[in-house]
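Numbering (the UniProt record's numbering), first residue to last: 1 to 336. Note sheet for the following structure.
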Ligand SMILES: Cc1cc2nc3c(=O)[nH]c(=O)nc-3n(C[C@H](O)[C@H](O)[C@H](O)COP(=O)(O)OP(=O)(O)OC[C@H]3O[C@@H](n4cnc5c(N)ncnc54)[C@H](O)[C@@H]3O)c2cc1C
């Protein structure tokens with residue numbers, strides 16, 4: 001178990017038999033030669049896929065099973081496979097909000113590349129959850145529709161952005177979602193309409209859904225706007241000057257504290273922590289709420305830096321910062 005208080009992902013995409021009967025796969029499997037398991041036309045890679053290659057932070061050891069899915073049928077089959085074999089699993093998009101452990105993940109990592117894009121009518125788009133969020137933001141803005149201008153420089157998928165209710169510049173993805181198709185842990189497809197969904201600051205209905213396996217399709221309803229294109233370009237340009245784009249980060253590490261009136265970045269900067277380094281993990285000099293893997297950060301370096309910054313900000317300002325990034329420890333379950 002990790003030794004710090006960063007919350008584990010409460011992602012429910014994890015299936016386990018009852019705890020008493022659980023025989024989790026030993027992490028020693030990671031040392032075995034790479035194998036593939038073929039099941040219903042799916043090719044599971046075993047034991048060698050490194051999570052650091054699947055995340056923007058570039059941190060994380062191997063996972064026991066790895067599979068990339070490019071359509072709904074493959075995704076449902078993958079979930080059934082994990083279910084039938086009592087394998088815990090998680091689904092990831094671009095891994096742009098994830099911190100994996102150097103020990104890796106004792107289960108299956110499903111990489112979502114369901115990437116279709118359909119225009120239903122003016123301003124209404126039906127999009128696969130693996131579609132690139134930045135591409136969607138740029139496309140919709142260029143077409144003269146407002147609501148996703150902020151997305152133009154966020155390296156995420158539509159599914160991950162929906163799960164996190166990604167937002168910036170006074171916009172949030174949840175504001176422009178019309179419906180979401182999900183697959184449940186029982187492998188059933190379900191459509192959730194706008195009225196069934198609750199979104200808050202980096203929170204969504206999906207984070208609390210106990211039977212959620214994955215978001216599969218998101219339908220957006222956007223309004224026309226003559227200034228969308230310009231606004232999108234401005235948002236992206238502002239990021240280029242205020243964020244360490246091109247470096248290995250996971251965006252903002254902490255949420256902005258509520259009712260304090262000061263952003264997390266400002267508190268960290270005022271605590272004198274810009275440029276502070278532990279091993280290969282560094283508080284960015286460009287944006288203090290972005291922590292950079294400068295090349296060889298371990299998960300422990302990053303966890304220690306997060307804990308240190310939290311403590312210093314608490315000591316100095318009495319503000320308890322809360323993580324926005326999600327930490328997946330090797331044996332995380334839905335009960336953690
Ligand atoms: C340079 C940079 C800038 C950023 N700027 C912003 C910003 O302005 N605003 C903001 O909100 N965030 C920002 N982020 C953080 C990050 O991009 C968002 O949190 C994003 O929503 C994560 O999307 P993802 O597809 O990478 O999800 P991942 O990181 O892969 O996953 C995040 C969580 O979503 C779950 N998930 C992913 N896909 C699915 C799915 N299909 N179904 C169910 N669950 C799923 C995962 O299991 C995990 O729990 C930034 C990150 C970077 C690196």
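Just so you know, even glycine gets a beta-carbon here, dropped at the ideal spot from N, CA and C.
From the options, residue whose alpha carbon lies closest to that of residue i
i: residue 227; options: 39, 68, 146 and 109; result: 146
i: residue 40; options: 75, 61, 246 and 89; result: 75
i: residue 97; options: 246, 157 and 176; result: 157
i: residue 257; options: 266, 177, 247 and 107; result: 266
i: residue 183; options: 72, 53 and 59; result: 72
i: residue 143; options: 115, 123, 159 and 70; result: 123
i: residue 57; options: 154, 177, 245 and 293; result: 293
i: residue 252; options: 140, 168 and 100; result: 168
i: residue 82; options: 248, 171 and 37; result: 37
i: residue 221; options: 121, 276 and 281; result: 121
i: residue 286; options: 304, 268 and 242; result: 242
i: residue 140; options: 324, 224, 283 and 236; result: 224
Residue i: first and last residue of the uninterrupted alpha helix (DSSP H) it sits in
i: residue 267; result: 264-270
i: residue 134; result: 133-142
i: residue 201; result: It is not in any alpha helix (DSSP H) - residue 201 carries neither H nor E in the DSSP assignment.
i: residue 72; result: 72-84
i: residue 306; result: 299-317
i: residue 230; result: 228-242
i: residue 161; result: 158-164
Residues near residue i in its chain [Cβ-Cβ closer than 6 Å; skip 5 each side]
i: residue 321; result: 254, 264, 310 and 313
i: residue 21; result: Here the model assigns residue 21 a pLDDT of 24, short of 50, so the residue's position is not dependable, and the following value carries that caveat. Closer than 6 Å at Cβ, skipping near neighbours: no residue.
Residue range of the unbroken beta strand (DSSP E) whose run includes residue i
i: residue 107; result: 105-112
i: residue 128; result: 124-128
i: residue 67; result: 63-69
i: residue 36; result: 35-39
i: residue 255; result: Counting along the chain, residue 255 falls outside any beta strand (DSSP E), and DSSP gives it neither H nor E.
i: residue 328; result: 326-328
Contacts around residue i, its chain only, beta-carbon distance under 7 Å, and the 5 residues preceding and following it disregarded
i: residue 35; result: 46 and 47
i: residue 215; result: 129, 159, 162, 163, 180, 182 and 206
i: residue 193; result: 179
Cross-strand partners of residue i (DSSP beta bridge)
i: residue 89; result: 108
i: residue 184; result: 212
i: residue 291; result: 283
Cutoff 8 Å; reference residue i; Cβ partners in own chain excluding five residues on either side
i: residue 70; result: 113, 114, 115 and 130
Integer Cβ distance of residue i from residue j, believed to fall under 8 Å
i: residue 339; j: residue 104; result: With the chain running from 1 to 336 in the structure shown, residue 339 is simply not present.
i: residue 278; j: residue 304; result: 5 Å
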